Amino acid sequence: MRLTIKELFELPPDGRSVIVKGWIRTKRETKSAVFLEVNDGSRMGNIQCVFDEAAAASSAAEIARAGTGASVRVEGSLVASPASGQKVEVKALSFEVIGEAPADGYPLQKKAHSMEFLREIAHLRPRTNTFGAVARVRNRMAFAVHQFFQDRGFNYVHTPIITTSDAEGAGEMFQVTTLDLDRIAKSGEPVDYSKDFFGKAASLTVSGQLNVETYCQALSRVYTFGPTFRAENSNTTRHLSEFWMIEPEVAFNDIADNMDLAEDFLKSLARVALSDCAEDLTFFDQRIQNGLLDMLAKMIAAPFARMTYTEAVKELEKTPEAFEFKPYWGCDLQSEHEKFLTEKIVGGPLIVTDYPKEIKSFYMKLNADGKTVRAMDVLVPRFGEIIGGSEREERLDVLEERIEALGLKKETYSWYLDLRRFGTTPHSGFGLGFERLMLYVTGMANIRDVIPFPRAPKLADF
RNA sequence: UCCCCUGUAGCUCAGUUGGCAGAGCGUCUGGCUGUUAACCAGAAUGUCCGUGGUUCGAGCCCGCGCGGGGGAGCCA
Numbered sequence: 345m346r347l348t349i350k351e352l353f354e355l356p357p358d359g360r361s362v363i364v365k366g367w368i369r370t371k372r373e374t375k376s377a378v379f380l381e382v383n384d385g386s387r388m389g390n391i392q393c394v395f396d397e398a399a400a401a402s403s404a405a406e407i408a409r410a411g412t413g414a415s416v417r418v419e420g421s422l423v424a425s426p427a428s429g430q431k432v433e434v435k436a437l438s439f440e441v442i443g444e445a446p447a448d449g450y451p452l453q454k455k456a457h458s459m460e461f462l463r464e465i466a467h468l469r470p471r472t473n474t475f476g477a478v479a480r481v482r483n484r485m486a487f488a489v490h491q492f493f494q495d496r497g498f499n500y501v502h503t504p505i506i507t508t509s510d511a512e513g514a515g516e517m518f519q520v521t522t523l524d525l526d527r528i529a530k531s532g533e534p535v536d537y538s539k540d541f542f543g544k545a546a547s548l549t550v551s552g553q554l555n556v557e558t559y560c561q562a563l564s565r566v567y568t569f570g571p572t573f574r575a576e577n578s579n580t581t582r583h584l585s586e587f588w589m590i591e592p593e594v595a596f597n598d599i600a601d602n603m604d605l606a607e608d609f610l611k612s613l614a615r616v617a618l619s620d621c622a623e624d625l626t627f628f629d630q631r632i633q634n635g636l637l638d639m640l641a642k643m644i645a646a647p648f649a650r651m652t653y654t655e656a657v658k659e660l661e662k663t664p665e666a667f668e669f670k671p672y673w674g675c676d677l678q679s680e681h682e683k684f685l686t687e688k689i690v691g692g693p694l695i696v697t698d699y700p701k702e703i704k705s706f707y708m709k710l711n712a713d714g715k716t717v718r719a720m721d722v723l724v725p726r727f728g729e730i731i732g733g734s735e736r737e738e739r740l741d742v743l744e745e746r747i748e749a750l751g752l753k754k755e756t757y758s759w760y761l762d763l764r765r766f767g768t769t770p771h772s773g774f775g776l777g778f779e780r781l782m783l784y785v786t787g788m789a790n791i792r793d794v795i796p797f798p799r800a801p802k803l804a805d806f
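Taking my numbering, the leading residue of the first sequence gets 345, the next gets one more, and so forth.
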């Protein structure tokens with residue numbers, strides 16, 4: 345198998361014969377030499393292929409066709425570079441253009457492009473430094489997620505993508521149907537879901553949590569990592585309609601254990617990014633977000649700040665900072681509040697716990713005060729919530745009361761309630777939006793730029 | 001869904017009081033003894049988002065529509 349450019353860079357530049365295949369980033373021509381920068385995505389850096397006067401002359405016709413973006417094959421010898429700027433290079437002997445990229449149509453130029461423009465050519469943007477780096481980091485982080493949990497005895501559970509239980513309550517759902525909508529609309533008759541594919545209304549999942557809890561109550565340590573879908577009309581830099589979520593769930597863990605797990609998890613992922621994606625992260629540090637490397641190193645080194653919701657509101661109330669929304673006990677923490685707490689008060693990640701029950705989900709464990717629940721949100725500077733989780737309510741009677749108080753139907757949750765009827769245990773878990781982790785680790789500003797083909801309202805191209 | 005900004009060359013943008021459409025980069029051509037987002041010289045390139053209106057005259061002003069961005073809410 346052909347060596348990748350990354351692998352070539354690991355070889356000694358002893359003049360050995362090598363073959364480079366990849367795409368041209370830039371071509372520089374002088375009278376005495378031609379320089380081709382070739383990249384194959386195996387790493388951030390290109391390999392420089394140099395044609396001396398004789399080689400350039402014998403390959404002149406091919407070199408003329410080799411514009412930015414063309415796919416090429418270069419055969420030559422791997423040598424130490426006589427010029428500064430790169431340690432090794434390929435002294436080219438023969439050259440072939442595999443696929444041309446005509447300059448009058450190829451949209452990527454050898455210059456910086458805006459993220460907005462690149463978003464419109466999502467099929468070509470992985471050929472840029474930035475999106476190549478995002479793709480490599482995303483790959484490494486996905487693997488690191490599994491490594492983290494596998495190393496700790498967690499079982500990976502595949503929760504369903506299609507669901508007929510409208511139970512998660514985490515957001516608006518996309519309907520899944522095979523009914524002929526045109527015909528039903530024309531007929532004017534009410535929709536009969538008993539005739540639909542699953543015999544009832546079905547949707548794409550908004551969370552695997554309730555399903556994964558069932559396996560938690562059998563395998564103790566479990567996690568899901570898969571796509572989730574929310575039909576919310578949100579147009580922000582940190583929401584997607586289709587995103588990947590990681591949801592661990594641990595039997596017998598209380599909220600303190602849950603916080604420790606979340607903190608270990610984030611630190612472990614940051615550690616892997618710094619060690620295994622150093623070249624890409626250095627690029628992000630220089631070109632995307634200054635101070636990224638320091639921020640990640642600092643995050644790993646220091647324990648996360650922790651405070652209860654009640655303490656957080658007190659902090660917000662006592663500051664002279666003028667908020668658009670005045671904080672008070674019982675209010676949901678606004679973006680500006682979260683930013684103030686993480687950026688001004690603690691200067692790093694912050695875990696806020698024990699929120700008022702009114703602003704959190706039904707399945708969160710009620711505290712003894714009867715007013716707050718054992719929720720925990722991990723907030724980070726720049727964009728707020730990255731993890732949301734809780735200790736779950738394991739007491740059947742309390743859970744049923746909460747369901748009724750919130751106007752939900754008990755029948756809908758019968759299988760979920762069975763977990764409390766038969767061998768219930770305390771347990772805890774959380775959800776981490778994978779793309780939010782990517783924003784945090786890469787310093788990228790828009791969540792649409794850390795997933796290959798983003799889906800958002802009015803956006804499902806490619 | 002709400003608020004604000006924005007749409008001009010392939011890209012990023014400028015365009016004065018309403019009066020002949022501009023720059024940089026990219027591209028192309030030529031030059032240059034090893035270049036690093038090469039450099040130097042020259043050239044080509046426009047449905048000024050669409051639509052209706054005001055006006056002698058609209059890239060510019062007004063209405064409507066569409067696209068893009070940022071913020072808010074929802075949340076991960």
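By construction, the Cβ of each residue, glycine as well, lies at the ideal position given by its N, Cα and C atoms.
This one's a predicted model, so the numbers in the text were calculated from it and none came from an experiment.
Report yes if the C-beta distance between residue i and residue j is below 8 Å; otherwise report no.
i      : j      : result
Gly515 : Val550 : yes
Ala436 : Val394 : yes
Phe609 : Gly787 : no
Arg565 : Asn499 : yes
Gly389 : Glu623 : yes
Arg482 : Met782 : yes
How far does the beta strand (DSSP E) with residue i in it reach, from first residue to last?
i      : result
Trp367 : Asp358 to Glu373
Ser772 : His771 to Gly777
Ile391 : Ile391 to Asp396
Asp721 : Thr716 to Val724
Ile791 : No beta strand (DSSP E) holds Ile791; DSSP gives it neither H nor E.
Got a sec? Which residues, its chain only, sit under 6 Å from residue i by beta carbon, not counting five neighbours each side?
i      : result
Glu576 : Gly515 and Glu516
Thr568 : Val501, Thr503, Gly552, Val556 and Glu591
Phe669 : Gln678
Tyr450 : Gly413
Ala399 : Ala436
Ser386 : Thr348, Ile349 and Lys350
Arg780 : Ile730
Glu419 : Ile363, Leu437 and Ser438
Going by Cα to Cα distance, which pick from the options is closest to residue i?
i      : options                           : result
Gly443 : Thr521, Lys455, Arg417 and Glu433 : Arg417
His583 : Lys683, Ser403, Cys675 and Ile791 : Ile791
Thr769 : Thr572, Tyr699 and Glu735         : Glu735
Asn602 : Val722, Leu462 and Leu637         : Val722
Lys642 : Gly691, Thr374 and Ser361         : Gly691
Ile703 : Cys675, Asn597 and Pro470         : Cys675
Ser705 : Asp713, Met720 and Glu682         : Met720
Asp620 : Pro801, Gly773, Pro356 and Met485 : Met485
Phe541 : Glu533, Ala529 and Gln519         : Gln519
Ser509 : Asn383, Glu655, Ser758 and Met708 : Ser758
Thr370 : Gly476, Leu380 and Ile363         : Leu380
Val816 : Ile795, Leu803, Ala804 and Phe806 : Any property of residue 816 remains undetermined from this structure, which presents the chain solely from 345 to 806.
Val809 : Tyr699, Lys715 and Gly733         : No answer is possible for residue 809: the residues shown for the chain start at 345 and end at 806.
Gly767 : Leu776, Phe778 and Leu740         : Leu740
Asp698 : Ile599, Ala546 and Leu605         : Ile599
Gly775 : Phe587, Val378 and Leu525         : Phe587
Taking the alpha helix (DSSP H) that residue i falls in, what are its first and last residues?
i      : result
Phe461 : Met459 to Glu464
Asn473 : Asn473 to Asp495
Ile349 : Ile349 to Leu352
Ile505 : Element bounds for Ile505: n/a, residue is neither H nor E.
Leu740 : Leu740 to Ala749
Leu380 : Unbroken run through Leu380 is the beta strand (DSSP E), Ala377 to Asn383; no alpha helix (DSSP H).
Between residue i and the rest of its own chain, which residues show a CB-CB distance below 7 Å, the 5 nearest in sequence each way excluded?
i      : result
Glu406 : Phe439, Glu440 and Val441
Glu607 : Phe648
Leu763 : Glu557, Thr558 and Gln561
Gly728 : Ser679, Glu682 and Lys683
Asn473 : Met388 and Phe627
Glu460 : none
Leu625 : Ala617, Leu618, Leu636 and Leu637
Leu548 : Ile505, Ile506, Met517, Phe518, Val520 and Phe573
Identify, in the order they occur along the chain, each residue of the same chain with its Cβ nearer than 8 Å to the Cβ of residue i, setting aside the five sequence neighbours on each side.
i      : result
Ser612 : Ala488 and Phe492
Val535 : Leu523 and Ile528
Leu640 : Ala614, Ala617, Leu618, Leu625 and Val785
His771 : Glu557, Cys560, Gln561, Glu593, Val594, Ala595, Phe596, Asn597, Glu735, Arg736 and Glu738
Asn579 : Ala800 and Pro801
Lys754 : Glu744, Ile747, Glu748 and Leu761
Glu665 : Phe684 and Lys688
Any heavy atom of the ligand PLP inside 7 Å of the beta-carbon of residue i?
i      : result
Asn383 : This structure does not include the ligand PLP; it has no bound ligands of any sort.
Those runs of the beta strand (DSSP E) which lie wholly inside the stretch 521-561 and span at least 3 residues
546-548
Please list the segments of the beta strand (DSSP E) lying wholly inside the stretch 574-655, counting only runs of 3 or more residues, in order along the chain.
586-595 and 649-652
If we require 3 or more residues per run, which beta strand (DSSP E) segments fall completely within the stretch 386-453?
391-396, 415-424 and 432-443
Where in the stretch 666-730 do unbroken runs of the beta strand (DSSP E), each at least 3 residues long, occur, reported from the N-terminal end onward?
List check, beta strand (DSSP E) in window: 694-700 and 716-724.
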